[in-house]
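Chemist:
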Amino acid sequence: MYTDKFRKKIEEKKVLIASHRGVSGGCIIENTLDSFNLAIEAGADILEFDIIRSKDGIYFVYHDKEESRTLGFLNNIHSFTAAEIEKFEYLNRYGFKTSRKMDRFEEVLKALKGKVLINLDRCCHGGFDYLRGALEIIGRFDMFDQVLVKTVVKEEILKDIEKYYPQILYMPIVNRVEQVELCEKHDINIFALELLFENEDAEIISDDNIRKWKQKGYELWANAICIDERYIMSAGHNDNVALTEDKDIGWGWLVDKGFTIIQTDWPFFLNKYLMRKIRYDDKN
Numbered sequence: 001m002y003t004d005k006f007r008k009k010i011e012e013k014k015v016l017i018a019s020h021r022g023v024s025g026g027c028i029i030e031n032t033l034d035s036f037n038l039a040i041e042a043g044a045d046i047l048e049f050d051i052i053r054s055k056d057g058i059y060f061v062y063h064d065k066e067e068s069r070t071l072g073f074l075n076n077i078h079s080f081t082a083a084e085i086e087k088f089e090y091l092n093r094y095g096f097k098t099s100r101k102m103d104r105f106e107e108v109l110k111a112l113k114g115k116v117l118i119n120l121d122r123c124c125h126g127g128f129d130y131l132r133g134a135l136e137i138i139g140r141f142d143m144f145d146q147v148l149v150k151t152v153v154k155e156e157i158l159k160d161i162e163k164y165y166p167q168i169l170y171m172p173i174v175n176r177v178e179q180v181e182l183c184e185k186h187d188i189n190i191f192a193l194e195l196l197f198e199n200e201d202a203e204i205i206s207d208d209n210i211r212k213w214k215q216k217g218y219e220l221w222a223n224a225i226c227i228d229e230r231y232i233m234s235a236g237h238n239d240n241v242a243l244t245e246d247k248d249i250g251w252g253w254l255v256d257k258g259f260t261i262i263q264t265d266w267p268f269f270l271n272k273y274l275m276r277k278i279r280y281d282d283k284n
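Just so you know, the sequence shown maps onto residues 1 to 284 in the numbering used here.
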């Protein structure tokens, strides 16, 4: 099974830190090897990043629909050839052009092989064919034990994963119990569940469901990231609350609830907190 590296890391750390697009700021651009290396140094156990496919079928690490903010134009990144994409220069955090260009997916995998766990997001645009191309690349690098793939829950995607790549480490993005049950009808390797919930009373995080899923061996992923204050992913237990008000309310609540993976934009500070709360205490 491909679960060994992830299971060993969770056994060691208790709660894993997933760094959302790496650590960026100034002229260090998100979703680049620069940001990923900083995230590793900051204490990240998992690097979460996104991929796109060029018009001629080449995969790059990039979050689509961010073209205006990160590249300075409104065009759909998928409509360009690889040669065109490799000429684009990122804008920095302040809107000024940099010399930094987009990394190919293959280059990133090669650089990260054996170094850190990976969560692949935005990898199923328009259907399974998109994901299959990415999985073929992961297979060439023999990295299936290092990569956790996540998608929204769609019957056709689940069927194709079951047919072609049932062994991959898979994590559905869910906000309803029925979505988990749909995934369980398929012979696929459900390693973790990414749970989205707007309030603490949501059925998806009831004590009974948390207990049931843990008994089945599922790891539980929570999003502490704050992409938009109007988009609530973890009932207000998030990075902003942790950093500006109370870390026990922002991050500690998620740990106490039973989540074993927390996605953050601030891995250094979350790591520092977890060292005090669970990692350091368990060693003394």
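Just so it is clear, CB atoms sit at the ideal spot from N, CA and C, and this is done for glycine as well.
#1: Quick check: the Cα distance between residue 156 and residue 183, rounded to an integer number of angstroms?
#2: Which same chain residues, not among the five before or five after residue 203, have their C-beta less than 8 Å away from its C-beta?
#3: By the three-class DSSP mapping on this structure, what secondary structure does residue 232 have?
#4: Starting from residue 213, follow the alpha helix (DSSP H) in both directions and report where the run begins and ends.
#5: Quick one: using the 10 Å Cβ neighbour count with 16 as the cut-off for buried, is residue 263 buried or exposed?
#6: Considering Cα atoms alone, identify which of 132, 146 and 128 is closest to residue 111.
#7: Output needed for residue 152: all residues of its chain with C-beta closer than 6 Å, excluding positions within five of it in sequence on either side, in chain order.
#8: Jot down the residue ranges of each uninterrupted alpha helix (DSSP H) in the stretch 91-156, minimum 4 residues, whole runs only, in chain order.
#9: What would DSSP say about residue 172, mapped onto helix, strand or coil?
#10: Thinking residue 117 and residue 5 are a contact (beta carbons under 8 Å), I'd like their distance in whole angstroms, please.
#11: Okay, do the stretch 240-260 and the stretch 19-27 touch, 3+ Cβ pairs below 8 Å being the bar?
#12: Following the continuous alpha helix (DSSP H) through residue 218, name the residue where it begins and the one where it ends.
#13: Output the distance between the C-alpha atoms of residue 181 and residue 28, rounded to the nearest integer angstrom.
Modeler: In short, the structure shows the following:
#1: To locate residue 156, count along the sequence shown from 1; it is residue 156. To locate residue 183, count along the sequence shown from 1; it is residue 183. Roughly 11 Å separates the two Cα atoms.
#2: Counted from its first residue, the sequence shown places residue 203 at position 203. These residues qualify, in order along the chain: 176, 177 and 209.
#3: Stepping through the sequence shown from its first residue, residue 232 is reached at position 232. The answer is coil: DSSP assigns residue 232 none of H, G, I, E or B.
#4: For the purposes of this step, residue 213 is taken as residue 213 along the sequence shown, with counting starting at 1. First-last of the alpha helix (DSSP H) with residue 213: 207-215.
#5: On the sequence shown, residue 263 is found 263 positions in, with the first residue counted as 1. So residue 263 ends up on the buried side.
#6: In the sequence shown, residue 111 corresponds to position 111, counting from 1. When each option's Cα is compared against that of residue 111, the closest is 146.
#7: For this step, residue 152 is matched to residue 152 along the sequence shown. These residues qualify, in order along the chain: 173.
#8: 105-112 and 128-140
#9: Position 172 of the sequence shown, counted from the first residue, corresponds to residue 172. Strand at residue 172.
#10: As a working note, residue 117 is residue 117 in the sequence shown. As a working note, residue 5 is residue 5 in the sequence shown. Sure, about 7 Å apart at Cβ, within 8 Å.
#11: no
#12: Numbered from its first residue, the sequence shown carries residue 218 at position 218. Note, residue 218: premise wrong, no alpha helix (DSSP H); not H, not E.
#13: Here residue 181 refers to the residue found at position 181 of the sequence shown. Here residue 28 refers to the residue found at position 28 of the sequence shown. Residue 181 and residue 28: Cα-Cα distance of roughly 41 Å.
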